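Undergrad: The structure under discussion is supplied below as structure tokens; questions concerning it will follow.
Chains as they are written, first to last, in this note's numbering: chain A, 1 to 111; chain Z, 1001 to 1114.
Below is the structure:
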């Protein structure tokens, strides 16, 4: 079957660095995406990894290792506004390109 | 502002009511989606439309009925719902079904079934 595993909660300090891991199991993998969702808001796209390696976008970076079925989202110089839920998602080409989401990781940031 | 607008933002209905959720995208996208978001559960894909044709129905109960009259509008018609259907219903769009994975979400319709 298909599944994505990510921690349910992570706590970090303002100004620090935090890594949110995601492991996946799908029948046909195409790419790994990350989304951010603030309370009461819409999920918003952060990054996409189609190939192995690191993608950097400002304070956020995302990494993929297809051989390990593993990826992570790295948030640097944490700000209070980064308190949100973060979802990893995979595109499964064997399921008509369906995008499957993880349960999300709630990031708590302490001052 | 994501370019995807959902109405109503909040809806309370009884189990015998009939209501509809509306989604409109202003991005020129060809694919639209309905997702259900419940507490402690992953986002669940309900329906996918590509170029106004339904291509995915994840075994959703028939009390949920989608409608896509054109590539910019998507509806979810609700009837005889159950309390366990209470959730946040999210609409999303993408350039096309096989794009790089970027979905643009609306802010959702929070549904409470009494």
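Note that the Cβ used here is the ideal one computed from N, Cα and C, for glycine as well.
All of these numbers come straight from a predicted model, not from anything done at the bench.
Assign residue 1029 (chain Z) to one of two classes, buried (16 or more other C-beta atoms within 10 Å of its C-beta) or exposed (fewer than that).
TA: It counts as buried.
Undergrad: List, in chain order, every chain Z residue whose beta-carbon is nearer than 8 angstroms to that of residue 102 (chain A).
TA: 1042
Undergrad: Between the Cα of residue 1018 (chain Z) and the Cα atoms of Z:1050, Z:1065, Z:1110, Z:1038, which residue gives the shortest distance?
TA: Z:1065
Undergrad: Can you pull the chain Z residues whose beta carbon is under 9 angstroms from the beta carbon of residue 44 (chain A), in chain order?
TA: Taking a Cβ-Cβ threshold of 9 angstroms, the residues of chain Z close to residue 44 (chain A) are 1002, 1104, 1105, in chain order.
Undergrad: Quick one: measure Cβ to Cβ for residue 5 (chain A) and residue 23 (chain A), integer angstroms, because I've assumed they're closer than 8 angstroms.
TA: 5 angstroms
Undergrad: Residue 1011 (chain Z) to residue 1110 (chain Z), Cα distance in whole Å?
TA: 6 angstroms
Undergrad: Based on Cα-Cα distance, which residue from A:15, A:62, A:35 lies nearest to residue 84 (chain A)?
TA: A:35
Undergrad: Taking only the alpha-carbon atoms, compute the straight-line gap between residue 47 (chain A) and residue 1086 (chain Z) and give it to the nearest angstrom.
TA: Distance between the alpha carbons of residue 47 (chain A) and residue 1086 (chain Z): 30 angstroms.
Undergrad: Just mark residue 1059 (chain Z) as buried or exposed, buried being the case when its beta carbon has 16 or more other beta carbons within 10 Å.
TA: exposed
Undergrad: In three-state terms, what does DSSP make of residue 81 (chain A)?
TA: In the displayed model, residue 81 (chain A) falls within a helix according to three-state DSSP.
Undergrad: So if DSSP puts residue 1070 (chain Z) in a beta bridge, which residue, or which two residues, is it bridged to?
TA: Z:1073
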